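Remarks on the structure that follows.
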DNA sequence: CGGGCAGTTGAAAGTTGTCAATAGTAGTGG
DNA sequence: CCACTACTATTGACAACTTTCAACTGCCCG
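Residue numbers (this note's numbering), protein chains in the order written: chain U, 106 to 357; chain S, 106 to 357.
What follows is the structure, given as structure tokens:
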């Protein structure tokens, strides 16, 4: 593609966008979720039909191709979904947090492996309960749509971003309300700092970003050398200048 | 990841899978869609509430960040969804065919641009109609799940496959029932041939596969040189040996 | 016949992966 | 508290793959 560079504006986040070209400059990250009334869901999840499970970090909840028995909702912690190729290459396709649903299936088999990234609590739900209520189905639909938009962003990251852009995008995932409406692209912010606590090993990050562990490490070292981040511990990365990192995500 | 190589078995397709290791060898392509009763949907789509639009190839149905007004169903033809980065890099995130839905939104804005790949007919639906029926919602649910599974496969392709594997995977999309349960991996098939008629330019293919146009071209030339395919016309590619191409997809 | 694209090909550069060695961290037991 | 072990992460050198840039070919259509 050959679309002339459009240098900025409010991160494209729920922003109006230009109208002066065939292709407008647009944000390719994750959008804010619209608030919605999920009281029916709240009620259902509180019912005794919903079981409750706790898993340690790295526990596998189910494997790809296992018979799909249940639907899950993340209560706390993080769950990653991944697929493997025959020779062992792994791609983490999604990372789920509180309120996200997983374990859906069309085929009767799970299409991904689900593994706890941190110790995590999940609600184990029964599909049949949900299929009987409009409100519950509508909630599930919203959750699915959230995943789809996230997967679209992830496809852009995997297909079109450089290693540096991928790592920067990854770090920005942990900064609430940035890379988002609040952040005003190339303009100057008061120097702002953010501590990111990673719950993933380098290998997990690499498998999520479609890179190798060495490349992830090198990019982080490079960002450190350039003074954009400080690695306070392997799992604690301080974004010394959030806006600077944000500008490296490729979305501008 | 360091998972020992598992060399084969029924393309992992709805196949049982091994149980002898922590990570089992699994398929990372698209699964068959389970048949489901969508009579309510059939009924709704036939109602006068559902408008009908026709678009020429390359027509843009809506742009990323446009206000999301309608929900669409593909009646005929193909629609691609893509996102752009600020500097014009494009990633085609999904390709839709008959029966697929698109134009959902959580934020009130479309998260992708939708463009007709071929001349296409779409039904223009009203979200509010759907939100009132369990059966319609359930149908939408299944459609969304289908997209999610496709997006998972696409993430694997973009994040972990080589250029050759991507192109081979792309070609196998057009071979019905292969790369699927019927195909038995490394075993010998009666030499079987398939003519693939592409509805996409090299640029569109490249933007879908996360490659450049030159790389796509080179891979095709290479496959031709090796006798796996014949390029009968730019948009007509004969897979001289389907099984051979299938084995290059990386899923085995 | 010639213009205008779309696609192909080649050479060189750039980026990321691979392999191997080193450094750092955490946990265990004396 | 320190030594020891087992990981996990970093770094370097080099190889492989993909992109970039540029030239060229082929095809469709006026």
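Built from N, CA and C at the ideal position, the CB exists for glycine as well.
Only a predicted model underlies this, so the values are computations on that prediction, with no experimental measurement involved.
Where the alpha helix (DSSP H) through residue i begins and ends
i, result
"residue 187 of chain U", "Premise fails: residue 187 of chain U lies in the beta strand (DSSP E), 184-189, not in any alpha helix (DSSP H)."
"residue 312 of chain U", "307-314"
"residue 349 of chain S", "347-351"
"residue 335 of chain S", "Where residue 335 of chain S is concerned, there is no enclosing alpha helix (DSSP H), although the beta strand (DSSP E) it sits in stretches over 334-338."
"residue 280 of chain U", "Element bounds for residue 280 of chain U: n/a, residue is neither H nor E."
Where the beta strand (DSSP E) containing residue i begins and where it ends
i, result
"residue 148 of chain S", "It is not in any beta strand (DSSP E) - residue 148 of chain S instead sits in the alpha helix (DSSP H) that spans 144-151."
"residue 302 of chain S", "299-302"
"residue 181 of chain S", "176-181"
Local conformation of residue i per DSSP, three classes
i, result
"residue 328 of chain S", "helix"
"residue 164 of chain S", "coil"
"residue 359 of chain S", "A question about residue 359 of chain S goes unanswered here, because the residues of chain S that appear run from 106 up to 357."
"residue 341 of chain U", "strand"
"residue 317 of chain S", "coil"
"residue 354 of chain U", "coil"
"residue 265 of chain U", "helix"
"residue 195 of chain U", "strand"
"residue 126 of chain U", "Confidence in residue 126 of chain U is poor, its pLDDT being 33 and thus under 50, which makes the residue's placement unreliable; the coordinate value appears in the next sentence. Here residue 126 of chain U sits in coil by DSSP."
"residue 131 of chain U", "Confidence is the limiting factor: at residue 131 of chain U the pLDDT is only 37, short of 50, which leaves the residue's position unreliable, though a coordinate-based value still follows. Looking at residue 131 of chain U - three-state DSSP - the assignment turns out to be coil, as it is neither helix nor strand."
* Compile a chain-ordered list of the residues in the region 215-233 of chain U whose CB is closer than 9 Å to at least one CB of chain S. => 216, 217, 218
* To do: Please specify which runs of the beta strand (DSSP E), each continuous and at least 3 residues long, are wholly inside the region 202-247 of chain S, giving them in chain order.
  => 218-221, 225-230
* Taking three-plus beta-carbon pairs below 8 Å as touching, is the region 221-233 of chain U in contact with the region 188-196 of chain U? -> no
* Please list the residues of the region 264-275 of chain S that have a C-beta atom closer than 8 Å to any C-beta atom in chain U, keeping them in chain order. => 264, 265, 266
* Asked: Between the region 188-205 of chain S and chain U, which residues of the former have a C-beta closer than 7 Å to a C-beta of the latter?
  -> 188, 189, 190, 191, 192, 193, 194, 195, 196, 198
* To do: Decide yes or no for the touch test of the region 296-304 of chain S against the region 318-330 of chain S: beta carbon pairs closer than 8 Å, at least 3 of them.
  => no
* chain U contacts from the region 244-265 of chain S (Cβ-Cβ distance under 7 Å) -> 245, 246, 247, 249, 250, 251, 252, 253, 254, 256, 257, 259, 260, 261, 263, 264, 265
* Asked: Do three or more CB pairs link the region 169-183 of chain S to the region 226-237 of chain S at distances below 8 Å?
  -> yes
* To do: Say whether the region 254-270 of chain U touches the region 335-352 of chain U, bearing in mind that this needs 3 or more beta-carbon pairs closer than 8 Å, one atom from each stretch.
  => no
* On the three-pair Cβ rule with 8 Å, is the region 268-277 of chain S touching the region 307-316 of chain S? -> yes
* Counting pairs of Cβ atoms below 8 Å between the region 247-260 of chain S and the region 204-223 of chain U, do you hit three or more? -> yes
* Report the residues of the region 324-355 of chain S with a CB closer than 8 Å to any CB of chain U, ordered along the chain. => 355
* Give a yes or no on contact between the region 139-149 of chain U and the region 236-249 of chain U, applying the rule of three or more CB pairs nearer than 8 Å. => yes
* Residues of the region 312-324 of chain U with Cβ closer than 9 Å to any Cβ of chain S, in chain order -> 312, 313, 314, 315, 316
* Asked: Any residues in the region 143-168 of chain U with a beta carbon nearer than 9 Å to a beta carbon of chain S? Which ones, in chain order?
  -> 165, 168
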